[in-house]
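Numbering-wise (the UniProt record's numbering), the sequence shown opens with residue 1 and increments by one.
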Amino acid sequence: MTYEDYLQSIYYDPNHGGSFGGLEKLYRAVRKEGKYVLGKAKIRKWLQKQETYTLHQHVRRKFKRQRVVVPYMDYQWDVDTASMINYTKENDGYGFFVLIIDIFSRYIWTVPLHTTKATEMVDALKSVFDRGRVPYKLRSDKGVEFKNRAVHKLTKEEGIDQFFTQNESKANFAERAIKTSSPESVAIVVIIKPTDGLMCYRTSQTVITIRIIVQW
């Protein structure tokens with residue numbers, strides 16, 4: 001087995017401690033097993049060739065953000081969408097998912113989407129509201145999947161104050177939740193079958209700090 005095959009066997013195994021992570025995580029896993037002596041430079045070079053790594057790798061930049069104060073649960077939810085369009089075939093035609101987070105409790109819902117059209121977004125939001133919890137405020141970016149007549153009508157009917165971020169292109173908490181759960185969560189969603197995905201969410205060291213309900 002070449003070292004590339006060895007790294008692949010670790011990285012794409014959701015039950016392995018070094019799976020779907022960054023350089024440090026994979027490097028520590030390799031050192032712990034001791035089967036190969038690999039430096040960070042070699043592991044980094046291999047990672048750069050992996051689509052699941054480069055797709056979700058993000059540059060960290062710090063900007064001043066407006067502080068959000070919420071007095072109780074379901075006072076404000078943030079919502080955002082994430083793309084997994086490259087793995088549509090593996091996910092029964094689903095190319096996106098919407099993530100909703102209650103800012104107070106950090107409780108998260110996710111709903112898979114075939115598209116980000118307004119009608120499908122309305123159905124996704126309804127499926128969450130029908131569970132019995134509805135926010136007082138709903139914040140998102142100004143993407144057309146949220147800023148449209150259909151979603152506005154739904155939020156008005158539910159008595160929700162819908163508003164949009166003014167100085168950023170993303171909804172702060174929802175975007176952060178997606179990044180926190182990536183690459184592990186997104187990679188698992190797009191590669192592993194839904195039934196296995198729930199198990200992986202519970203066991204992933206990165207994701208156990210938040211509660212995720214995946215509606216498949």
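All residues carry an ideal CB built from backbone N, CA and C; glycine is no exception. Since this is a predicted model, take the numbers as computed values, not measurements.
Name, in chain order, the residues that DSSP records as bridge partners for Ile101.
Position 101 of the sequence shown, counting from 1, holds the residue named residue 101. Ile101 has Asp78, Ile108 as its beta-bridge partners, per DSSP.
Take the Cβ of Asn86 as the centre, count every other Cβ of all protein chains shown within 10 Å, and call the residue buried at 16 or more, exposed below.
Working through the sequence shown from its first residue, we reach residue 86 at position 86. Under this definition Asn86 is an exposed residue.
Given that a residue counts as buried once 16 or more other Cβ atoms are within 10 Å of its Cβ, and exposed if not, what is Pro135?
By 1-based counting over the sequence shown, the position of residue 135 is 135. By the neighbour-count criterion, in which 16 or more other beta carbons inside 10 Å mark a residue as buried, Pro135 falls on the buried side.
Which listed residue (Leu99, Tyr107, Gly34, Ser9) has its alpha carbon closest to that of Val79
Within the sequence shown, residue 79 is the residue found at index 79, counting from 1. Considering only Leu99, Tyr107, Gly34, Ser9, the residue with the shortest C-alpha distance to Val79 is Leu99.
Using only CA atoms, which one of Gln162, Asp92, Val30, Phe97 lies nearest to Lys147?
Within the sequence shown, numbered from 1, the residue matching residue 147 stands at position 147. It is Gln162 whose Cα lies nearest to the Cα of Lys147.
Cross-strand partners of residue 254 (DSSP beta bridge):
Past the edges of the chain, shown from 1 to 216, lies residue 254, and the structure says nothing about it.
Looking at the unbroken alpha helix (DSSP H) that takes in Ile43, where does it start and where does it end?
In the sequence shown, residue 43 corresponds to position 43, counting from 1. For Ile43, the uninterrupted alpha helix (DSSP H) run begins and ends at 40-47, by DSSP.
Answer yes if the stretch 89-106 comes into contact with the stretch 29-47, meaning at least three C-beta pairs across the two stretches below 8 Å, and no otherwise.
Cβ pair count under 8 Å is below three, so no.
Return the first residue and the last residue of the alpha helix (DSSP H) that Arg149 is part of.
Working through the sequence shown from its first residue, we reach residue 149 at position 149. Arg149 -> alpha helix (DSSP H) spans 149-157.
So, for Glu4: in the same chain, excluding its five sequence neighbours on each side, which residues have a beta-carbon less than 8 Å away from its beta-carbon?
By 1-based counting over the sequence shown, the position of residue 4 is 4. Answer for Glu4: Trp46, listed in chain order.
Spatial neighbours of Tyr94 in its chain, beta-carbon cut-off 8 Å, leaving aside the 5 residues before and after:
Here residue 94 refers to the residue found at position 94 when the sequence shown is read from its first residue. The beta carbon of Tyr94 is closer than 8 Å to those of Met84, Thr88, Pro112, Leu113, His114 in its chain, skipping five residues each way along the sequence.
Taking 8 Å as the limit between beta carbons, can you name the residues of its chain near Val117, skipping five residues before and five after?
Translated into positions along the sequence shown, residue 117 becomes position 117. Per the sequence shown, the amino acid found at residue 117 is Lys instead of Val. The beta carbon of Lys117 sits closer than 8 Å to the beta carbons of Glu145 from its chain, once the five residues preceding and following it are set aside; these are given in chain order.
Compute the distance between the beta-carbons of Leu138 and Ile160, then report whether it is under 7 Å.
As a first step, residue 138 is located in the sequence shown; it is residue number 138 there, counting from the start. As a first step, residue 160 is located in the sequence shown; it is residue number 160 there, counting from the start. Yes; because the gap between Cβ atoms is below 7 Å, this pair is in contact.
Evaluate Tyr72 with the Cβ neighbour count: other Cβ atoms within 10 Å of its Cβ, from every protein chain shown; 16 or more gives buried, anything less gives exposed.
Working through the sequence shown from its first residue, we reach residue 72 at position 72. Classification of Tyr72: exposed, given that the 10 Å Cβ count is below 16.
Count the other CB atoms, across all protein chains shown, that sit within 10 Å of the CB of Thr2; report buried if there are 16 or more and exposed otherwise.
The sequence position of residue 2 within the sequence shown is 2, counting from 1. Counting Cβ neighbours within 10 Å, Thr2 comes out exposed, since fewer than 16 surround it.
Closest to Tyr107 by CA distance: which of Phe97, Asp92, Arg133, Asp123 is it?
On the sequence shown, residue 107 is found 107 positions in, with the first residue counted as 1. The residue among Phe97, Asp92, Arg133, Asp123 with its C-alpha nearest the C-alpha of Tyr107 is Arg133.
Given this structure, state the Cα-to-Cα distance separating Glu33 from Leu154, to the nearest angstrom.
Position 33 of the sequence shown, counted from the first residue, corresponds to residue 33. Position 154 of the sequence shown, counted from the first residue, corresponds to residue 154. Computed Cα separation, rounded: 53 Å.
Which of helix, strand or coil does DSSP assign to Phe129?
Walking along the sequence shown from the start, residue 129 turns up at place 129. In the structure shown, Phe129 sits in a helix (DSSP, three-state: H, G or I).
Proximity winner among Ser127, Ala82, Glu157, Ser105, relative to Ser140 (alpha-carbon distances)
The count along the sequence shown starts at 1 and reaches residue 140 at position 140. Distances from the alpha-carbon of Ser140 to those of Ser127, Ala82, Glu157, Ser105 put Ala82 closest.
Beta-carbon proximity list for Gly18, same chain, < 8 Å, skipping 5 on both sides:
Along the sequence shown, one-based indexing puts residue 18 at 18. Excluding sequence neighbours, Gly18 sits near Ile10, Tyr11, Lys25, Leu26, Arg28, Ala29, Val30.
Length of the line joining the Cα atoms of Thr119 and Val69:
Position 119 of the sequence shown, counted from the start, is the residue given in the question as residue 119. Position 69 of the sequence shown, counted from the start, is the residue given in the question as residue 69. Distance between the alpha carbons of Thr119 and Val69: 31 Å.
Among residues of its own chain, excluding the 5 on either side of Asp13, which ones have a beta-carbon nearer than 7 Å to its beta-carbon?
Your numbering for residue 13 matches position 13 in the sequence shown. Excluding sequence neighbours, Asp13 sits near Ser19.
Grouping DSSP H, G and I as helix and E and B as strand, with all else coil, what is Ser83?
For this step, residue 83 is matched to residue 83 along the sequence shown. Note: Ser83 maps to strand in three-state DSSP.
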